[in-house]
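Notes follow the structure.
There are 2 protein chains.
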Amino acid sequence: MLNSYSSADKVLLAVDCIIFGFDHQGLKILLIKRDFEPERGKWSLMGGFLKRDEILDDAAIRILNTYTGLHDIYMEQLHAYSEIDRDPVDRTISVSYYALINIENHNEELIKNYHAEWFSIADAPNLIFDHNEMVQHAIRRLRYRTSIKPIGFELLPEKFTMRQLLELYEAILSKELDKRNFISKINSLEILNKLDEKDMQSSRKGSYLYTFNKEKYEEKLLNDFVLNL
Amino acid sequence: MLNSYSSADKVLLAVDCIIFGFDHQGLKILLIKRDFEPERGKWSLMGGFLKRDEILDDAAIRILNTYTGLHDIYMEQLHAYSEIDRDPVDRTISVSYYALINIENHNEELIKNYHAEWFSIADAPNLIFDHNEMVQHAIRRLRYRTSIKPIGFELLPEKFTMRQLLELYEAILSKELDKRNFISKINSLEILNKLDEKDMQSSRKGSYLYTFNKEKYEEKLLNDFVLNL
DNA sequence: TTTTATTAATGTTGATTTTACACTTACTAA
DNA sequence: TTAGTAAGTGTAAAATCAACATTAATAAAA
Numbered sequence: 001m002l003n004s005y006s007s008a009d010k011v012l013l014a015v016d017c018i019i020f021g022f023d024h025q026g027l028k029i030l031l032i033k034r035d036f037e038p039e040r041g042k043w044s045l046m047g048g049f050l051k052r053d054e055i056l057d058d059a060a061i062r063i064l065n066t067y068t069g070l071h072d073i074y075m076e077q078l079h080a081y082s083e084i085d086r087d088p089v090d091r092t093i094s095v096s097y098y099a100l101i102n103i104e105n106h107n108e109e110l111i112k113n114y115h116a117e118w119f120s121i122a123d124a125p126n127l128i129f130d131h132n133e134m135v136q137h138a139i140r141r142l143r144y145r146t147s148i149k150p151i152g153f154e155l156l157p158e159k160f161t162m163r164q165l166l167e168l169y170e171a172i173l174s175k176e177l178d179k180r181n182f183i184s185k186i187n188s189l190e191i192l193n194k195l196d197e198k199d200m201q202s203s204r205k206g207s208y209l210y211t212f213n214k215e216k217y218e219e220k221l222l223n224d225f226v227l228n229l
Numbered sequence: 001m002l003n004s005y006s007s008a009d010k011v012l013l014a015v016d017c018i019i020f021g022f023d024h025q026g027l028k029i030l031l032i033k034r035d036f037e038p039e040r041g042k043w044s045l046m047g048g049f050l051k052r053d054e055i056l057d058d059a060a061i062r063i064l065n066t067y068t069g070l071h072d073i074y075m076e077q078l079h080a081y082s083e084i085d086r087d088p089v090d091r092t093i094s095v096s097y098y099a100l101i102n103i104e105n106h107n108e109e110l111i112k113n114y115h116a117e118w119f120s121i122a123d124a125p126n127l128i129f130d131h132n133e134m135v136q137h138a139i140r141r142l143r144y145r146t147s148i149k150p151i152g153f154e155l156l157p158e159k160f161t162m163r164q165l166l167e168l169y170e171a172i173l174s175k176e177l178d179k180r181n182f183i184s185k186i187n188s189l190e191i192l193n194k195l196d197e198k199d200m201q202s203s204r205k206g207s208y209l210y211t212f213n214k215e216k217y218e219e220k221l222l223n224d225f226v227l228n229l
């Protein structure tokens, strides 16, 4: 008798994505200006509804792809939000995901079409519904992840300087780090390849460029560790 | 126009609870034998459907209360599970919660009526749907929580011995801990009150009983720390 | 009453990790 | 040639962690 759940209430299930990027200005999130009611014209996370034949992870991937054109992005489920009136239209439960992307890689055109914009974490506008809370939650999770997994591959360009990596960690943890201690800790992880090439933008002397050593990096991703920065 | 979501699919939303307890045999979970189809007679987590006028946290509290009679229990949301056919009856997304309870406190009668039973983590039976995965996930989360928050208040009786606390941590982390190092680390947190009273069950000498210093304990709960055990 | 058996309680030391800290180098542009 | 700028590098003191064994208290048995 496959109808024993008939008395239970069905609800809408949404997925909202907190998309993190990083550039010289610091940690950023990608937001869109809603072009439908309610709250048309207000800023919002990127979201959508779960489809009947879709799992949550795929819905998150679909939504990210719709607004950025990106594939194969690191995403992680965060939390389900269920306040009764969180969405005034209909009872909607939202499951949030966060994604880490290389800010240079997204599709500019899509971003424009959707009235999307990157905002620094610090001066992001007020968001609709409970999206502010979702963002705060995502930042906490990202900070935690930083302490047990290496980070950077997803948020930095292919080639990057030590300073960029340092500033990324500083942005995520929102605290200053000691340059020498940071470098020696990162080096002890052995996840970087030092290139012969230098980046000449930042100084006359130029600073060496690095890439991630993908094998080592992924090995570290598998086994949690504690990285005290 | 409050009908713009009309095209989206609605789904059933369930809540499943992983209920942890602890006694001299170690870490346990509370399971019930399902008395309805599908999978009648199989072991399962305690679950139920989200009601239209209810938030997820409250649904979890309600479900826990239904099966144990307990109120005011530490619970934390874990994860949303959404595989298409995870429940063969109808498309159901389940949000899992885990709870920590004092195993002595539950209502025996309720447990009996529902055919519920405590199982050691190690030899719990196979569970329906994706409930095994939920349990594994909950154990990982519990382990993590142990490393950044004090634990015990919720799982131990009011008065307990150092040995009990040690064994609780050993059960959660599933590794042996050095007794002296453990005691000095716990003492350095200053979250325990040592009583004049002794427990005479365990030895001829008797061992001192402790209670948690609620204020200090909750202060530590607020501020994450790292407890390397 | 003495002995025995059992678990509780307790501190130290060496090893490791973390933190704090400042000068020299390399290069370009003036 | 000089001046200016960020890059690159090492050490020592402090804190924390990990390993380890003996004595104390008591009840039960002899």
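From first to last, the protein sequence lines stand for chains A and B.
Residues 1 to 229 in UniProt numbering are what the first sequence spells out, letter by letter.
Residues 1 to 229 in UniProt numbering are what the second sequence spells out, letter by letter.
For every residue, glycine included, the Cβ atom is placed at its ideal position computed from N, Cα and C.
Practice prompt. Compare the C-beta of B/Tyr5 with all C-beta atoms of chain A and state if any pair is closer than 8 Å.
Written response: yes
Worksheet item: When DSSP labels each residue in this structure, what does B/Asn3 get in the three-state scheme?
Response: Since pLDDT at B/Asn3 reaches only 49, below the 50 mark, its modelled position is unreliable, and no value is offered.
Worksheet item: Between the Cα of residue 234 of chain A and the Cα atoms of A/Leu56, A/Pro125 and A/Lys194, which residue gives the shortest distance?
Response: Outside the shown range of chain A (1 to 229) lies residue 234 of chain A, about which nothing can therefore be said.
Discussion item. To the nearest angstrom, how far is the alpha carbon of B/Leu127 from that of A/Lys149?
Written reply: 31 Å
Worksheet item: So, does the CB of B/Lys51 fall closer than 8 Å to a CB anywhere in chain A?
Response: yes
Fill in: B/Gly152 vs B/Leu177 beta-carbon contact at 8 Å
no
Item to complete: Starting from the beta carbon of B/Gln77, find every residue of chain A whose beta carbon is closer than 7 Å, and list them in chain order.
Response: His79 and Ala80
Practice prompt. Determine, using beta carbons only, whether A/Phe49 and A/Leu78 come nearer to each other than 8 Å.
Written response: no
Item to complete: List the residues of chain A that B/Leu56 touches, going by C-beta distances under 9 Å, in chain order.
Response: Ala80, Tyr81, Ser82 and Ile93
Item to complete: Please compile the residues from chain A whose C-beta is within a distance smaller than 9 Å of the C-beta of B/Leu13.
Response: Ala8, Asp9, Lys10, Val11, Leu13, Ala80, Ser82 and Ile93
Practice prompt. Could you list which residues in chain B have their beta carbon closer than 9 Å to that of A/Val226, in chain order?
Written response: Ser147, Val226 and Asn228
Worksheet item: Does any residue of chain A bring its CB to less than 8 Å from the CB of B/Lys89?
Response: One detail in the question is off: residue 89 of chain B reads as Val in this sequence, not Lys. Yes, because at least one Cβ of chain A sits closer than 8 Å to the Cβ of B/Val89.
Fill in: Residues of its chain near A/Glu190, where Cβ-Cβ distance is below 6 Å and the 5 sequence neighbours each way are ignored
Lys216
Item to complete: Would you mind sorting B/Leu155 into buried or exposed? The rule is 16 or more other CB atoms within 10 Å of its CB.
Response: buried
Practice prompt. Evaluate B/His115 with the Cβ neighbour count: other Cβ atoms within 10 Å of its Cβ, from every protein chain shown; 16 or more gives buried, anything less gives exposed.
Written response: exposed
Fill in: Opening and closing residue of the alpha helix (DSSP H) in which A/Leu27 lies
Per DSSP, A/Leu27 belongs to no alpha helix (DSSP H); it is in the beta strand (DSSP E), Gly26 to Lys33.
Fill in: Host alpha helix (DSSP H) of B/Phe182 (start-end)
Lys179 to Leu189
Worksheet entry | Alpha-carbon spacing of B/Asp85 relative to B/Gln25, whole angstroms | 36 Å
Item to complete: Find out if the Cβ-Cβ distance for the pair B/Glu117, B/Tyr97 is shorter than 8 Å.
Response: no
Worksheet item: How would you label B/Tyr210, buried or exposed, when you count the other beta carbons within 10 angstroms and need 16 or more for buried?
Response: buried
Worksheet item: What separation, rounded to the nearest whole angstrom, lies between the Cα atoms of B/Leu227 and B/Glu170?
Response: 14 Å
Discussion item. Rounded to whole angstroms, what is the Cα-Cα separation between A/Ile73 and B/Asp90?
Written reply: 30 Å
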